[in-house]
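Order-wise, the sequence lines are chains A and B.
So the first sequence is residues 1122 to 1756, counted in this note's numbering.
So the second sequence is residues 1122 to 1756, counted in this note's numbering.
Backbone N, C-alpha and C define an ideal beta-carbon position, used for all residues, glycine too.
Worksheet: the structure to be examined is printed underneath.
2 protein chains.
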Amino acid sequence: MRDRLLPMNRVRVLDEFWSARQRLMTDVTIPYMEKILRDEVPGAEKSHAVSNFRMAAGEEQGEFYGMVFQDSDVAKWLEAAAYSLYLKPDPALEKRVDDMVTLIARAQQEDGYLNTYFTVKEPENRWANLLECHELYCAGHLLEAAAAMAQVAGKKELLRVGIRLADHIVECFRDREGIPGHQEIEIGLERMYEVTGNREYLDMAIRFLDRRGQDPDWFMKNTPAHPGRHYGGYDIPPEDHEYNQTDVPVREQTRARGHAVRQLYMLTAMARAADETGDESMRAACVRMAEHIRRKQIYVTGAVGSTGRHEAFTVDMDLPADRCYGETCASVAMTFFASRMLTLDDDPEYGDLMELELYNAALAGMQLDGTRFFYVNPLSVDPEISGKVPGYEHVLPLRPEWYACACCPPNLARLISSLGGYLWSVNGQRVSAHLWIGSEADLPQAKIVTESGYPRQAYLRFTVREVRQKRFTLRARVPKRVGNIQTSMNGETVSLPVKNGYLELERDWEPGDTLEITGDMLITRLYPDPGVRDCAGKVAIARGPVIYCAEGVDNGDGLSALILPDDGAITELPYDPNLLNGVIPLEAEGFREKPGGELYGNDIPDKEKTNIRLIPYYAWANRGLNEMTVWLRRG
Amino acid sequence: MRDRLLPMNRVRVLDEFWSARQRLMTDVTIPYMEKILRDEVPGAEKSHAVSNFRMAAGEEQGEFYGMVFQDSDVAKWLEAAAYSLYLKPDPALEKRVDDMVTLIARAQQEDGYLNTYFTVKEPENRWANLLECHELYCAGHLLEAAAAMAQVAGKKELLRVGIRLADHIVECFRDREGIPGHQEIEIGLERMYEVTGNREYLDMAIRFLDRRGQDPDWFMKNTPAHPGRHYGGYDIPPEDHEYNQTDVPVREQTRARGHAVRQLYMLTAMARAADETGDESMRAACVRMAEHIRRKQIYVTGAVGSTGRHEAFTVDMDLPADRCYGETCASVAMTFFASRMLTLDDDPEYGDLMELELYNAALAGMQLDGTRFFYVNPLSVDPEISGKVPGYEHVLPLRPEWYACACCPPNLARLISSLGGYLWSVNGQRVSAHLWIGSEADLPQAKIVTESGYPRQAYLRFTVREVRQKRFTLRARVPKRVGNIQTSMNGETVSLPVKNGYLELERDWEPGDTLEITGDMLITRLYPDPGVRDCAGKVAIARGPVIYCAEGVDNGDGLSALILPDDGAITELPYDPNLLNGVIPLEAEGFREKPGGELYGNDIPDKEKTNIRLIPYYAWANRGLNEMTVWLRRG
């Protein structure tokens, strides 16, 4: 038997760190995104996404506008809005959601087809160009939204739309060839299976997965010419098997390559399919791929996908800090994938991987005020170069207002607002807490309230409330950068075994029982494998799960002159509630190398002692234009 | 009074290092290039350059083929052939040169116009698009060839063509607006002035220089639309004032920017104009720009122009080793510019700059066998990445056979074959030897034979032969990485003053007098300014003027694991005549960092002692596909 994640509608996040961010989602980000979709934010990139649905419904005249996948912005917003309604019931939002959903229902075609671009612009070309046209991608997001609305917000209207759409897709593709250009439909169908129990949806998802790579040239044979038309303008070559992840069947894949988000959405779907079916070759492929990413393709912040060209993975160990693509969506997708692997592979490292993404690369995608977002998440920025010099056009030193391609903001919103669904899993008589995030969880065995100081302080306290089943095992993952773990049961020190990375306690539980875990947040130096050319000889600093960085505003610009000796002290400064919404800065004993006057001098450069001030990476670029680096020179 | 360079037809290079390379030019490279131009090398990129002239002369039917500036390949070959005829008289080559020149004369139009692209394809558009069409660029090279043929090979046929062309250009542009897109005509006109004494040519060159930047928008206003046509396909934006170096008048320029070769050809012409006219503001601009390049924009190998996008300079200190553009032509042009500055600014550093280019970045452009060339000269190469990963498409790990845009090979050929013209200058009663290159120089005061062991050994021996004027001052530049200088006059140690970087000896000279200078080739560590982000914390090694590098073939791949401590010994190995055409390898005590198993580990990585083998950078990529790096990690 395998663990099953406890769905988010059984969990409420109550956490110093994350609750504030969920409130940011419900109160700022999700309403802001809705305004964007309705083109109500002056000065921001035009979205037109709602207007596109109105036109598809025959209720507005004009031209379709935006990316061919513009619909997905609405779907992802609806998914996030579903979570928002659960987190914070809001009749006004519910009314607006209802309006949006009925609009979508009116835009749906008689046969269940739903895509505004093709309905408005090219009705004759439905499902004709799966490589570039993102119809299945948009559908996948709509299905995710439909499932979330039903499961989390208890609203069934969108589910009816989703069922009609999913049935239409199954009908169209069950017996016809066809693989999605941008993977996502697989996740949507699996979510629909989860909510409706209709096995057709899961089977169709697995069919989409397994068809991929059977004929590497499928996209070459089945992508129609479209002179003068650009579907999103990405210029995706049908013959690029690596990019399209069609080089081999998915069960035979061994290395992450091509478009990072597509790869990771696919792996997320594969992991779930393996979980639902117990299919061993599917599971083995997921384990291999996760291993490959963790050993060869991930940045120290959790960012993945090192090149902006096609937003893709490149060759192993090619992880340039300053030209990093590291799309926010890819780190969100890594979280999805890691969460699925956590219950599939039972390896505690996936929990650390989730933390890596959540506290670093994914979270850095958002400004602290929740209104601006990074698409690209570099590990080093020089405002003189980033966004300006050729090769750095994609790297911005500050988060912009909005993007024409607005995939990342709603992706972060849906992740953060649904965070409760990533915390717990249940397996028979065993419940497992994977993340040190405070919550109230409605488990089959009991209600458990969890308090956590993470990532500020390393403590996690479980209090059992309504006990429904006296005897069960409570497991809590020990994060890899928490040390000196102490446990106490009802205030008395106990020694608990750590099995496979989890503290375990099996007992008869009484209401009011408390299990407290405390530890030290370790300040850790992270040394790259010397094969990572870009950062070999450098060092990064973490405190617990949080990767730190140096910014020019604290250290003066010219960060490449800073040196962090291997033996220098790194001091934790007091928690500062007024700095960057509350952080613990670090101060490291280091040096600043002094320019010798010549561009290349013969003398060992002088250096002077300096204290290097570090802040959490997720909070960078919140204090105006300045340099930033995660990696510091050793020496 | 200023120094004047002694023209190459008064000098014969007799030098262990360079004579062999000049023979490579006369015996291999120049004949090979001619075959390329005549499309006689099977498998190489088609040139069609000679055919284009035949078509322009009405003697062949067909389509123009190649770059819009394809003519310049012929002109640069002719210039190199002129030098070749001087270095090694060859009646067969002379015959072929004559054939080529008469073909060119037949392709020249009645009014003196000469450009095969426009004669064949667009006669109605002559001189209509100066930004993109390279007519003035091709003309400049033709004029350089014409001047060389007359001055060095004593052949006047091409000069007559050149005079007609130059007169035509003066007539067209004297009273008409117009600035060249790609600077070069200015150099050509100055060379014609040097050979003919016709001041109109110099004045026209200065006019082209001074018109530039008067109206930054000139190219915007004067570049015709040409839908469907691509003149070289470079897509140069007329509004890019920096790229086009039209942002300010040339006398007001303060920083190198835009296309590197264009910038440096312009500076070469400016320096000569300042020299010929004594114009102070022109001279000051050259000094400022040279200073800017040396302080902020040059690689440790002498490469310049850090981005392949438009082959351009970028922002200060942005000098990535692995994505370096460093066009061979730009280093050739740096040599031209530095040589001009040497006599204009009387600063011995320009001599070191010439050495930097000659022994490193420029020379690396050529395979040791003289038949293959780099266009791009990176300081770090990983064959897994270079030429493959996005952003590295331009960086090749091996020199290819030929290029569609073949500017670099003939540029190197003309530089190396005319090297004699860079050695000596004369200023009244003073003669100066700027480079430690063996030669026989026919100076106004005497014939002087110079023997040199450079760069293998630091000695330079002058023997005076036919004395025409007893009393004169002999100056010899002391290279900056030669130490422990000893001098002896006719075998007896003398102590000579070093003035402004030059050893000086004024005396009455007798035939047979010898002045010998010896010193030590210093092995030097070069530490970058910490503001050069890409190599801060790293070190490069030089022996005398020669920059060294590590290759995978000597050290195993994975060069980013190598560490060169600041205090480790670096040993000179014996000269190996069989290695890379004869080099002195270096062996440095260092370490190899060992992978810890994790991509980012918590422990200080282990390292093991290793000897790092280094070879001269100019000789890299001559032993098959492997990694290379100039920069090594300190630590």
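Is Met1403 (chain A) closer than 9 Å to Ala1411 (chain A) when the C-beta atoms are compared? no
Supposed contact pair Lys1417 (chain B) and Met1438 (chain B) - C-beta distance, whole angstroms, cut 8 Å: 6 Å
Beta-carbon proximity of Tyr1739 (chain B) to Asn1481 (chain B), cut-off 9 Å: yes
Whole-angstrom distance between Gly1491 (chain B) and Met1146 (chain B), CA atom to CA atom: 7 Å
Positions along the segment 1712-1731 of chain A whose CB lies within less than 9 Å of some CB in chain B: Arg1713, Glu1714, Lys1715, Pro1716, Gly1717, Gly1718, Glu1719, Leu1720, Tyr1721, Gly1722, Asn1723, Asp1724, Ile1725, Pro1726, Lys1728
When you compare each of B:Cys1670, B:Gly1711, B:Arg1295, B:Asp1687 to Asn1747 (chain B) by their alpha carbons, which one comes out closest? B:Cys1670
Roughly how many angstroms separate the alpha carbons of Leu1257 (chain B) and Arg1493 (chain B), rounded to a whole number? 28 Å
Beta-carbon within less than 8 Å of Leu1206 (chain B)'s beta-carbon, same chain only, minus the 5 sequence neighbours each way: which residues are those? Leu1214, Glu1215, Val1218, Val1273, Ala1274, Lys1276
Which term fits Glu1729 (chain B), buried or exposed, when burial requires 16 or more other beta carbons within 10 angstroms of its beta carbon? exposed
Please list, in chain order, all residues of the same chain as Arg1461 (chain B) whose beta carbon is under 6 Å from its beta carbon, the five residues on each side excluded. Thr1389, Ala1392, Arg1393
Trp1741 (chain A) and Pro1531 (chain A): beta carbons closer than 9 Å? no
Counting only beta-carbon separations shorter than 9 Å, does Leu1647 (chain B) have a partner in chain A? yes
With a threshold of 16 other CB atoms inside 10 Å of the CB of Asn1365 (chain B), please say whether the residue is buried or exposed. buried
State the DSSP-derived secondary structure class of Phe1239 (chain A), mapped to helix, strand or coil. helix
Do you know how far the Cα of Ile1308 (chain B) is from the Cα of Gly1762 (chain A)? Since the first and last residues shown for chain A are 1122 and 1756, residue 1762 (chain A) lies out of range.
Below-9 Å beta-carbon distance, Pro1128 (chain B) vs any chain A residue: no
For chain A, is any of its Cβ atoms less than 9 Å away from the one on Thr1375 (chain B)? no
Could you round the C-beta distance between Ala1709 (chain A) and Ile1691 (chain A) to whole angstroms and report it? I think they count as a contact, below 8 Å. 4 Å
How would you label Gly1756 (chain A), buried or exposed, when you count the other beta carbons within 10 angstroms and need 16 or more for buried? buried
What do you reckon, are the CB atoms on Gly1622 (chain B) and Leu1556 (chain B) nearer than 9 Å? no
Can you tell me which of the three DSSP states Arg1598 (chain B) falls into? strand
Top-ranked residue by Cα proximity to Asn1676 (chain A), from A:Gln1607, A:Ala1663, A:Leu1753: A:Leu1753
How about the segment 1129-1142 of chain B and the segment 1700-1717 of chain A: do they share at least three Cβ pairs that are nearer than 8 Å? no
Give the DSSP-derived three-state secondary structure of Ile1414 (chain A) in the structure shown. helix
Tell me the DSSP secondary structure of Ala1483 (chain A) in three-state form. coil
Just checking, does the segment 1337-1356 of chain B make contact with the segment 1318-1327 of chain B on the three C-beta pairs under 8 Å criterion? no
Along the chain, where does the alpha helix (DSSP H) containing Asn1732 (chain A) start, and where does it finish? From DSSP, Asn1732 (chain A) is part of no alpha helix (DSSP H) but of the beta strand (DSSP E) over 1728-1737.
Any 3 or more C-beta pairs closer than 8 Å across the segment 1570-1581 of chain B and the segment 1227-1245 of chain B: no
Going along the chain, which residues of its own chain have a beta-carbon closer than 7 Å to the beta-carbon of Asn1246 (chain A), five neighbours each way excluded? Phe1239
Quick one: is Arg1654 (chain B) near chain A, going by C-beta distance under 9 Å? yes
Which of helix, strand or coil does DSSP assign to Val1291 (chain A)? helix
Chain A within 9 Å of Ala1709 (chain B), Cβ atoms only: no
Give the single residue among A:Gly1658, A:Pro1337, A:Met1313 whose Cα lies nearest to the Cα of Arg1646 (chain A). A:Gly1658
C-alpha distance - Pro1576 (chain A) paired with Asp1641 (chain A), whole-angstrom precision: 11 Å
Compare the C-beta of Val1421 (chain A) with all C-beta atoms of chain B and state if any pair is closer than 9 Å. yes
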